[in-house]
Amino acid sequence: MEIYLFAKNLIQDAGAFIRERMTENYNIDSKSNRNDLVTDVDRETETFIYNRIGEKFKDHQIIGEEGHGFDIDDMKGVTWVVDPIDGTLNFVHQHENFAISIGIFIDGEPYAGLILDVMKGDLYHARHGEGAYINDTQLTDIKDTELKSSLVSTNSNWLVKDGIKKPFIQIVKDARSVRSYGSAALEIANVAKGTSSAALFYRLHSWDFAGGMIIVSELGGLTTTLLGEEMRILETNSILTGNKKIHSELVQYFKDDDEFIENHARFHGLD
Ligand code: IPD
Ligand code: CA
Ligand code: CA
Ligand code: CA
Numbered sequence: 006m007e008i009y010l011f012a013k014n015l016i017q018d019a020g021a022f023i024r025e026r027m028t029e030n031y032n033i034d035s036k037s038n039r040n041d042l043v044t045d046v047d048r049e050t051e052t053f054i055y056n057r058i059g060e061k062f063k064d065h066q067i068i069g070e071e072g073h074g075f076d077i078d079d080m081k082g083v084t085w086v087v088d089p090i091d092g093t094l095n096f097v098h099q100h101e102n103f104a105i106s107i108g109i110f111i112d113g114e115p116y117a118g119l120i121l122d123v124m125k126g127d128l129y130h131a132r133h134g135e136g137a138y139i140n141d142t143q144l145t146d147i148k149d150t151e152l153k154s155s156l157v158s159t160n161s162n163w164l165v166k167d168g169i170k171k172p173f174i175q176i177v178k179d180a181r182s183v184r185s186y187g188s189a190a191l192e193i194a195n196v197a198k199g200t201s202s203a204a205l206f207y208r209l210h211s212w213d214f215a216g217g218m219i220i221v222s223e224l225g226g227l228t229t230t231l232l233g234e235e236m237r238i239l240e241t242n243s244i245l246t247g248n249k250k251i252h253s254e255l256v257q258y259f260k261d262d263d264e265f266i267e268n269h270a271r272f273h274g275l276d
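The numbering of the sequence shown is my numbering, which starts it at 6 and goes up by one.
Right, dumping it as structure tokens:
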């Protein structure tokens, strides 16, 4: 319990740090391309979280998007997987609709997941075997739904990417509707909350999905790659998370597309 309580306090403190820090000037840089942004606030928040964990738990491993733990290659002991700001583009353009995401694993097994919607103040959290909550309110198990009567979410980039786009386009046609909010962690939190039935992405890093995956699983939802394989925490993955019924329906769109399978295997090293 000590780690879980510590994590809940830490994520709230990190949220307060961001809300304060964003009222001052900060630099915005680009990373892999001109639309892949990072700010001083992303980096400083990761350092804030990293230092606080390190002061309290000297032997814990920490993986963070902005540079920590890239050399970690096993999940022995306690591993924290941290995204200090998920939805940096929303942070920069909207000043809302971004989150802090934390997944905690003990010897590779899910221990706890936390996602803080920083500006709304909603904390989604779950400890393995103890139920999932939004703030102090317990969430109810995720209900089975069919695609034709469901909202699902994805990143719209995947709808225009040659070689993989076909199943994504068919899903847009067959779903009730598709949403693209720009924070994978919050899109997975919506699945936990029941305001969306599934979230699917061609490529995410572990810091985008680790916290959400643990929360969804606590509510009876399922998270795998788009081809139904188990998620691997130390690698980039495709991801499909949702209630069990829609999950099995959606996985079939990808399994039935040979071109998708070929590109997925090549890109994600699964061949
Ligand atoms: C991004 C967001 C976005 C997702 C991207 C992620 P970041 O994370 O989660 O919704 O589609 O793939 O990289 O860079 O804002 O932490
Ligand atoms: Ca980023
Ligand atoms: Ca992210
Ligand atoms: Ca990030």
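Cβ atoms here follow ideal geometry from the backbone N, Cα and C, with glycine treated the same way.
By the three-class DSSP mapping on this structure, what secondary structure does residue i have?
i	result
His269	helix
Thr142	strand
Gly217	helix
Leu42	strand
Ser201	coil
Gly113	coil
Leu275	Caution is warranted here: a pLDDT of 48 is assigned to Leu275, below 50, making its placement in the model unreliable, and the coordinate value is therefore given only provisionally. The answer is coil: DSSP assigns Leu275 none of H, G, I, E or B.
Ser253	helix
Asp179	helix
Ser35	strand
Thr228	strand
Tyr50	One point to set straight first is that residue 50 is Thr, not Tyr, in the sequence displayed. In the structure shown, Thr50 sits in a helix (DSSP, three-state: H, G or I).
Can you name the residues that DSSP bridges to residue i?
i	result
His133	Per DSSP, none; premise fails for His133.
Arg184	Ser158
Gln66	Thr84
Gly108	Val86, Gly118
His73	Gly69
Asp127	Asp122
Ile244	Phe206
Asp91	Ala104
Should residue i go down as buried or exposed, given a rule of 16 or more other Cβ atoms within 10 Å for buried?
i	result
Ser37	exposed
Val256	buried
Asp88	buried
Ala19	buried
Leu245	buried
Gly92	buried
Leu10	exposed
Asp276	Per-residue confidence for Asp276 stands at a pLDDT of 40, beneath the threshold of 50, marking its modelled position as unreliable; the derived number appears in the next sentence. Burial call: exposed.
Ser161	exposed
Arg132	buried
Asn56	exposed
Asn14	exposed
Arg24	exposed
Ile174	exposed
Asp122	buried
Ile176	buried
Glu101	exposed
Asp64	exposed
Ile33	exposed
Ala21	exposed
Arg271	exposed
Thr223	Note that residue 223 is Glu in the sequence shown here, rather than Thr. Looking at its Cβ environment, which holds 16 or more other Cβ atoms inside 10 Å, Glu223 is buried.
Going by the C-beta, is residue i closer than 7 Å to any heavy atom of ligand 6?
i	result
Thr44	Ligand 6 is absent from the structure shown, which contains only ligand 1, ligand 2, ligand 3 and ligand 4.
Inspect the CB distances between the segment 38–53 and the segment 125–145 and report whether three or more fall short of 8 Å.
no
Validate contact between the segment 61–78 and the segment 178–187 using beta carbons, cut 8 Å, 3 pairs
No contact exists between the segment 61–78 and the segment 178–187.
Evaluate the contact criterion for the segment 228–238 versus the segment 258–267: three or more CB pairs, one atom per stretch, below 8 Å.
yes
Is it a yes or a no for the segment 162–174 touching the segment 122–139, going by three-plus beta-carbon pairs under 8 Å?
Too few Cβ pairs lie closer than 8 Å, so no.
Mind the definition here: the segment 235–243 touches the segment 194–203 only if three or more C-beta pairs lie below 8 Å; say whether that holds.
No contact exists between the segment 235–243 and the segment 194–203.
Taking three-plus beta-carbon pairs below 8 Å as touching, is the segment 24–32 in contact with the segment 106–113?
no
Residues around ligand 3, please: the ones whose beta-carbon is closer than 5 Å to some heavy atom of it, in chain order.
Asp88, Asp91, Asp213
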